[in-house]
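Novice: Those protein sequences? They're chains A and B, same order as listed.
Under this note's numbering, the first sequence is numbered contiguously, ending at residue 403.
Under this note's numbering, the second sequence is numbered contiguously, ending at residue 279.
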Amino acid sequence: MNGAFQTDCFEILKQRLARGEIGRRDFLKGIALLGVAPLALKSGMLSAQEKQFVLVNWGGDAIKAFDEAFAQPFAKASGLTVKIDGAGPTEGAIQAQVTSGKVSWDVVDADIFSAEALGKKGFVQKINFDVVKKDKILEGGWNDYAVANYYLSYVLVYDKEKYGDTPPKTWADFFDVEKFPGKRTMYKWMVGNLEAALLADGVAPDKLYPLDVDRAFKKIKAFSPNIAGFWGSGAESQQLMLEGEASMGLLWNTRAKLIDKDSEGKITYGFAEGFLGPSSWAIMKDNPAGAEAANAFIASAQDPAGQVKLLELLGNGPANPAAAAMVPAELKKDDCTQPEAVKVQHQLDQSWYVENYSATLDKFLALISS
Amino acid sequence: MSRRALVEWGLFVAPLPVVLVIAYLVPLLGIFQWSFTDPQPGIGNYVKIATDPIIHSIAWRTLRICLLVTVVSVAIAYLISYHWVFGPPWRQRLIEVCVLIPFWISVLIRAFGWVIVLRPRGLVNEWLMTAGLIAEPLALVRNEIGVVIGMVHFMVPFAIFPLMAVMRQIDPRVMAAARGLGAWPIRRFVEVFLPLSLPGIVGAFFIVFIFALGFFITPAILGGGRVVMIAEYVFLQMSQTANWGLGAALSVVLLVFVSIMIWVLLKITRVEKLVG
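As structure tokens, this is what we get:
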């Protein structure tokens, strides 16, 4: 088929629409089927409303939650159609899109250290901080290439029934199987584990970074027989705890909240000694909707109302400090960015992860592999 | 070539090689190229593979697990194939169902299924504890044992098919002749049946081993994070840490290794025998 025929089909559709023989929905369907959207755009037949903006996250329940919290408000404000793709923007996938020259994603949800590493390699764009406001982000929640979209915490989850009146409170307790018998579970992709091991080994919180990797590895290796399994996905961590395979775990606070609910409080958690860090928005290099739309989206996602909505739906902590006061009372205990919660947690040092994540993860996996 | 033959060749034979070249060979050359160009031009990635102790330990673990899985799978498959070929019809039908139904179930679902069966409060441990055979649950999953069980379960059908094909070709009159000449069952098996079925064993061994080398989902789910095999390590380099050059170089090494094994297989057995 050559372009002339497609152009003609497009003309026919246009005429039929003008005469009222077909509705606008059928017209759009027709253009999509013909693959002539660029023509339609050029002719001004497609209003901004039909232009697409693609937001990429990690799938599952987060698709619906992101839609409500971020996509719908932005769609309403900008007139763009916002589509959420749950494909999972791994570093490899981002690099693959940009390298192939066929970028179809606009803004992705990525680890903030990952976004910075990708930015330095030229795969994501710099954020325009004239549009995106730094005073709407918690301290430390941005770098040149990324802006915190929500916070999460690696928390200590434990079986209340098993430990009764003396629940474990610190990472030292976590590593102490004499006082707190039972199996544990930790995170397969490393973040939080080394910090927990070092704190348990007696390193002062303010002396954590740069991480003494060898010391942490030694601690974890010695502890390894007490670990029922290293969880690789949130669902797996939930299974390990609810099935009783592990009676203590280093878990994401979002899953911890679900476990608490599903076990009716039998398995619970607190933010004390949690490791707090942001996830972030990053803009793909040469994104199809353009840098302006992408920055506008990020600015719109700074609205605290949307962030509180996300907290309600998934349990992710708002990144805008103004949100804390707007959080309804019953949700406050789930919010890792409430000022009281922030005070008792440790901040993950993102700059350490930018430099060291990939090489250390390699070694960590070798270490835990029996 | 006649015009007709040319048309036939073009219509029915050529599409396959063309698809293979476009969908397989071209991307493969890309992988090959990356392995020498990313992150810097040169043989750095191969030097790393040759010298890095992390990669060596993962490679050895992969080989060890694959070898164990292969031996166990072929042994089980040998018994099943024997009964499938020589058993009474009701047994043949029963085996057919027991082999084919799991064969059609996805590897992901089977892995999760095994977690449910093998975990501390799973079926196996509950039974053993109720029967009073054990006091504490056995660690059957989230370790190498779990990975081996899951992989063997997946691999057995792949070993059965070549074994069956070869066993079916064994002339029952040869066995009858051995009995007629006074050989006891064990001698009949060791001296007559086993040597005749040897091509099937060799074929099954190679097929299972080569297949097992690329296993990814089963170790990731049943290994509890502790059993990282080479395929998952390649995935990690490609996706998680974006070291494409190293991932590509590992793939090339794996491909060369597997190609050599296939070449050996072709040298020592006649493949048409294996497919029956």
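Positions of the beta carbon are idealized from the N, C-alpha and C atoms, including for glycine.
Note that the coordinates shown come from a computational prediction; the quantities given were computed from them, not determined experimentally.
Whole beta strand (DSSP E) runs in the region 117-180 of chain A with 3 or more residues, listed along the chain?
Specialist: Within the region 117-180 of chain A, the complete beta strand (DSSP E) runs of at least 3 residues are 140-144.
Novice: Around the Cβ of A/Ala81, are there at least 16 other Cβ atoms within 10 angstroms (buried) or fewer (exposed)?
Specialist: Counting from 1 along the first sequence, the entry for residue 81 of chain A is found at position 48. Low confidence applies here, because A/Ala81 scores a pLDDT of 46, under 50, leaving its location unreliable; read the following figure in that light. It counts as exposed.
Novice: As a quick exercise: from B/Val230, B/Val21, B/Asn246, B/Trp266, pick the residue whose alpha carbon is nearest that of B/Cys69.
Specialist: As a first step, residue 69 of chain B is located in the second sequence; it is residue number 66 there, counting from the start. Closest by alpha carbon: B/Val230.
Novice: Within the 8 Å Cβ cut-off, does B/Leu66 reach chain A?
Specialist: Numbered from 1 along the second sequence, position 63 holds the residue referred to as residue 66 of chain B. For B/Leu66, the answer is no, since every Cβ of chain A falls outside 8 Å of its Cβ.
Novice: Report yes if the C-beta distance between A/Gly215 and A/Lys195 is below 8 Å; otherwise report no.
Specialist: Reading the first sequence from its first residue, position 182 is the one you call residue 215 of chain A. Reading the first sequence from its first residue, position 162 is the one you call residue 195 of chain A. Their beta carbons are under 8 Å apart, which means A/Gly215 touches A/Lys195 by this criterion.
Novice: Kindly indicate if chain A contains any beta-carbon less than 8 Å away from that of B/Gln36.
Specialist: Sequence index remark: in the second sequence, residue 36 of chain B carries index 33 (1-based). Cβ-Cβ to chain A under 8 Å: no for B/Gln36.
Novice: From A/Asp177 to B/Val118, what does the alpha carbon distance come to, in whole angstroms?
Specialist: For the purposes of this step, residue 177 of chain A is identified with residue 144 of the first sequence, where counting begins at 1. For the purposes of this step, residue 118 of chain B is identified with residue 115 of the second sequence, where counting begins at 1. Distance between the alpha carbons of A/Asp177 and B/Val118 is about 43 Å.
Novice: Under 8 Å, Cβ to Cβ, is there at least one residue of chain B near A/Gly282?
Specialist: Position 249 of the first sequence, counted from the start, is the residue given in the question as residue 282 of chain A. Answer no: the Cβ-Cβ gap between A/Gly282 and chain B never drops below 8 Å.
Novice: The alpha helix (DSSP H) with B/Thr54 in it runs from where to where?
Specialist: Counting from 1 along the second sequence, the entry for residue 54 of chain B is found at position 51. B/Thr54 -> alpha helix (DSSP H) spans 47-54.
Novice: My guess is that A/Phe263 and A/Tyr302 are in contact by the Cβ rule of under 8 Å, so how many angstroms apart are they, rounded?
Specialist: On the first sequence, position 230 is the one that residue 263 of chain A refers to. On the first sequence, position 269 is the one that residue 302 of chain A refers to. 18 Å between Cβ atoms; not a contact.
Novice: Under 8 Å Cβ to Cβ from A/Tyr184, same chain only, skipping five residues before and after it: list those, please.
Specialist: Counting from 1 along the first sequence, the entry for residue 184 of chain A is found at position 151. Result list for A/Tyr184: Leu171, Gly174, Leu309, Gly310, Pro311, Ser312, Asn349, Gly350, Pro351, Ala352, Cys369, Thr370, in chain order.
Novice: Can you list the residues of chain A that B/Pro123 reaches, using a CB-CB cut of under 9 Å?
Specialist: Here residue 123 of chain B refers to the residue found at position 120 of the second sequence. Within 9 Å Cβ-Cβ: Lys216, Ala261, Glu276, Gly277, Glu278.
Novice: Name, please, each residue of chain B whose Cβ falls closer than 9 Å to the Cβ of A/Lys135.
Specialist: Here the question's residue 135 of chain A lines up with position 102 in the first sequence. Under the 9 Å cutoff, chain B gives no residues; its nearest Cβ is about 15 Å from A/Lys135.
Novice: List, in order along the chain, the chain A residues whose C-beta lies closer than 8 Å to that of B/Ile220?
Specialist: Working through the second sequence from its first residue, we reach residue 220 of chain B at position 217. Neighbours of B/Ile220 on chain A: none; closest Cβ ~11 Å, over 8 Å.
Novice: Just the C-alpha distance for B/Asn128 and A/Leu398, rounded to the nearest angstrom, thanks.
Specialist: Looking up residue 128 of chain B in the second sequence gives position 125. Looking up residue 398 of chain A in the first sequence gives position 365. Using only the alpha carbons, I get a separation of about 29 Å.
Novice: Looking at the secondary structure, which residues open and close the beta strand (DSSP E) in which A/Glu306 lies?
Specialist: Stepping through the first sequence from its first residue, residue 306 of chain A is reached at position 273. Start and end: 300-317.
Novice: The ligand ATP and A/Ile117: does any heavy atom of the ligand fall closer than 7 Å to the residue's C-beta?
Specialist: As presented, the structure is devoid of all ligands, the ligand ATP included, so that no description of it is given.
Novice: Under 8 Å between C-beta atoms, does A/Gln128 make it to chain B?
Specialist: Sequence index remark: in the first sequence, residue 128 of chain A carries index 95 (1-based). Interface residue, yes.
Novice: Could one say the Cβ of A/Glu124 lies closer than 8 Å to chain B's Cβ atoms, at least one of them?
Specialist: Taking the first sequence and counting its residues from 1, one reaches residue 124 of chain A at position 91. Taking Cβ atoms only, chain B reaches closer than 8 Å to A/Glu124, which makes this a yes.
Novice: Taking the C-alpha atoms as reference points, what is the distance between A/Glu363 and B/Leu121?
Specialist: Translated into the one-based positions of the first sequence, residue 363 of chain A becomes position 330. Translated into the one-based positions of the second sequence, residue 121 of chain B becomes position 118. The alpha-carbon atoms of A/Glu363 and B/Leu121 are separated by roughly 39 Å.
Novice: Which same chain residues end up closer than 8 Å to B/Leu71 when comparing Cβ atoms and leaving out the 5 residues on each side of it in sequence?
Specialist: The count along the second sequence starts at 1 and reaches residue 71 of chain B at position 68. Cβ neighbours of B/Leu71 beyond the five flanking positions: Val151.
Novice: Quick one: Cα of A/Ala268 to Cα of B/Glu11, how far?
Specialist: Residue 268 of chain A sits at position 235 when you count from the first residue of the first sequence. Residue 11 of chain B sits at position 8 when you count from the first residue of the second sequence. If you take the alpha carbons of A/Ala268 and B/Glu11, they lie about 53 Å apart.
Novice: Give the single residue among B/Leu257, B/Phe238, B/Leu23, B/Gly227 whose Cα lies nearest to the Cα of B/Ile148.
Specialist: Here residue 148 of chain B is taken as the residue at index 145 of the second sequence, counted from 1. Among B/Leu257, B/Phe238, B/Leu23, B/Gly227, the Cα nearest to that of B/Ile148 is on B/Gly227.
Novice: Please state if the CB of A/Pro337 and the CB of A/Met359 are separated by a distance shorter than 8 Å.
Specialist: As a working mapping, residue 359 of chain A is identified with position 326 in the first sequence. As a working mapping, residue 337 of chain A is identified with position 304 in the first sequence. Yes, they are a contact pair.
Novice: What do you get for A/Lys252, buried or exposed, if any count of 16 or more other CB atoms within 10 angstroms of its CB means buried?
Specialist: Residue mapping note: residue 252 of chain A aligns to position 219 of the first sequence, counting from 1. Classification for A/Lys252: buried.
Novice: Do you know how far the Cα of A/Gly125 is from the Cα of A/Tyr390?
Specialist: Within the first sequence, residue 390 of chain A is the residue found at index 357, counting from 1. Within the first sequence, residue 125 of chain A is the residue found at index 92, counting from 1. For A/Tyr390 and A/Gly125, the distance between alpha carbons rounds to 14 Å.
Novice: Do the region 184-192 of chain B and the region 59-67 of chain B meet, that is, are 3 or more Cβ pairs less than 8 Å apart?
Specialist: The region 184-192 of chain B, when compared against the region 59-67 of chain B, does not touch it at the 8 Å Cβ threshold.
Novice: Are the region 320-340 of chain A and the region 288-298 of chain A in contact at 8 Å, needing three or more beta carbon pairs?
Specialist: Because the criterion of three Cβ pairs below 8 Å is not met, the region 320-340 of chain A and the region 288-298 of chain A do not touch.
Novice: On a CA-only basis, which of A/Val341, A/Lys366, A/Gln335 is nearest A/Phe304? Give me that one, please.
Specialist: Within the first sequence, the letter at position 271 stands for residue 304 of chain A. Minimum Cα distance to A/Phe304 is reached at A/Lys366.
Novice: Can you have a look at B/Gly250 and say buried or exposed, based on whether 16 or more other CB atoms are within 10 angstroms of its CB?
Specialist: Locating residue 250 of chain B in the second sequence gives position 247, where the first residue counts as 1. The residue is buried, with at least 16 neighbouring Cβ atoms inside 10 Å.
Novice: Chain B partners of A/Trp264, CB-CB under 9 Å?
Specialist: As a first step, residue 264 of chain A must be located in the first sequence, where it is residue number 231. Simply Gly227, Gly228.
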